[in-house]
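Numbering (the numbering used here), first residue to last: 91 to 504.
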């Protein structure tokens with residue numbers, strides 16, 4: 091049995107990092123975010139230039155350009171940013187890279203440079219490519235569309251090693267994605283795209299497991315129904331659909347996040363669905379779409395975690411005499427998913443309205459598998475002047491009711 095003697099004398103302490111080879115140091119910084127990797131240059135002389143060999147390259151204009159600056163100063167700082175990228179790329183050693191990410195909100199004056207940066211990434215066999223040319227001032231709830239600021243160079247369509255692709259405000263041709271046979275994750279945003287292009291993308295890239303569409307337009311509707319589809323994660327975030335009609339058949343789908351308007355949803359073969367995050371904030375009133383909403387929620391019978399916005403629980407004025415207390419206490423129909431599979435409930439924008447409290451009481455009483463309830467308290471004032479103090483008082487009332495359900499863990503987020 092070996093015994094080790096502790097050494098308190100600082101002179102005998104050994105800096106473990108001094109024993110590491112430069113290749114191991116590069117491997118370490120490559121696991122860090124680019125900005126943090128750059129900060130390692132102050133650790134010691136040994137680390138001064140290590141960060142320049144990281145295989146995780148992330149160039150974000152926010153490192154240089156601040157939104158509070160004037161337009162003139164922003165352009166000067168953006169020039170400095172592009173100069174930095176240009177010099178970094180020119181001095182980068184002859185080796186492959188894992189990730190190349192570039193974000194620039196106004197690229198028009200630097201299109202030639204940006205093409206060169208993308209070609210550089212391809213020449214180094216990049217595995218993860220992220221290009222974001224969207225402007226942070228664009229409003230996600232606006233119906234305005236913005237012309238893509240950059241067109242994908244033709245060279246990229248010949249690249250066969252991509253596993254992740256993110257394109258924001260970037261024009262591309264999905265029919266050319268025939269070489270992306272290893273692609274597993276795709277994020278598209280702030281661009282026009284058709285249902286035909288989405289189908290071509292999924293056919294040409296059969297290994298895709300994650301698909302995210304953020305603020306896309308020109309979509310007639312949304313439909314994915316392909317044999318052997320491997321899709322596990324699907325995000326539809328504030329996209330503009332010509333028709334609010336959705337058909338999703340994904341036997342391996344585990345996570346769905348949807349933000350937008352209520353429409354006709356048909357989801358088949360969703361036995362493996364684990365989590366759904368639903369935000370209908372774009373819907374002002376539910377008076378005419380109550381049945382659609384009911385049918386929509388029925389599709390998520392298998393989910394274990396359901397996150398909904400408080401708009402889903404807003405007060406509804408029926409065309410007949412309605413007593414909420416009687417409705418939620420007599421002849422209740424208990425949904426199978428409530429008893430058998432629902433484990434986590436997240437409520438965003440909680441105000442503690444009568445409708446919210448009745449729905450939560452229903453879920454808590456009959457949710458045999460329910461283990462976690464997360465309440466995200468609203469920031470906005472209510473119609474009758476209620477504020478956060480009012481909402482917290484209602485939280486306390488709910489907690490008193492929950493005490494009898496000892497297996498339920500409740501978290502409150504302010």
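Where a beta carbon is used, it is the ideal one built from N, C-alpha and C, also for glycine.
- If you draw a 10 Å sphere on the C-beta of residue 246, you find 16 or more other C-beta atoms in it, and that means buried.
- Contiguous beta strand (DSSP E) elements confined to the region 188-230 occur at 189-193, 218-222, taking only those with 3 or more residues.
- Residue pairing by DSSP puts residue 335 in a beta bridge opposite 354.
- Excluding its 5 nearest sequence neighbours in each direction, residue 307 has C-beta neighbours in its own chain below 6 Å: 235, 282, 330, listed in chain order.
- Shortest Cα-Cα distance from residue 189 to any of 213, 342, 294 involves 213.
- Per DSSP, reduced to three states, the secondary structure at residue 470 is coil, with no helix or strand assignment.
- Measuring C-alpha to C-alpha distances from residue 392 to each of 360, 460, 217, 436 identifies 360 as the nearest.
- No Cβ-Cβ contact shorter than 8 Å links residue 204 with residue 174.
- Between residue 503 and residue 465, the beta carbon gap of about 7 Å places them in contact (Cβ cut-off 8 Å).
- Residue 302 has 277, 325 as its beta-bridge partners, per DSSP.
- DSSP, reduced to helix, strand and coil, places residue 168 within a helical segment of the structure shown.
- Proximity of the region 443-463 to the region 485-492 meets the contact definition, three or more beta-carbon pairs being nearer than 8 Å.
- Taking each of 482, 459, 411, 428 in turn and checking the Cα distance to residue 441, the smallest one comes out for 482.
- The alpha-carbon of residue 348 is positioned some 6 Å away from that of residue 367.
- Taken through DSSP and simplified to helix, strand or coil, residue 435 comes out as strand.
- Close CB contacts of residue 334 within its chain, under the 6 Å cut and outside five residues either way in sequence, are with 351, 353 (chain order).
- Beta-bridge partners of residue 182 (DSSP): none assigned.
- Under DSSP, residue 397 shares a beta bridge with 367, 436.
- Residue 250 carries a coil assignment under DSSP once its states are collapsed to helix, strand and coil.
- If the five residues before and after residue 125 are omitted, its C-beta is found closer than 8 Å to the C-beta atoms of 148, 153, all from its own chain and listed in chain order.
- A check of alpha carbon separations from residue 297 across 254, 388, 436 identifies 254 as the nearest.
- Contact between residue 323 and residue 299 holds, since their C-beta atoms are separated by about 7 Å, short of 8 Å.
- Within the same chain, Cβ atoms closer than 6 Å to the Cβ of residue 225 are found at 195, the five residues on either side in sequence being excluded.
- In the DSSP assignment, residue 285 falls within the alpha helix (DSSP H) that extends over 285-294.
- Inclusion of residue 362 and residue 397 in the CB contact set at 8 Å is not warranted, their separation being larger than that value.
- For residue 270, the secondary structure class from DSSP, reduced to helix, strand or coil, is coil.
- Residue 304 and residue 230 have their C-alpha atoms some 9 Å from each other.
- The distance from the Cβ of residue 215 to that of residue 176 is about 21 Å, inconsistent with a contact at the 8 Å cut-off.
- Under the Cβ criterion (8 Å, minimum of three pairs), the region 259-267 counts as touching the region 278-293.
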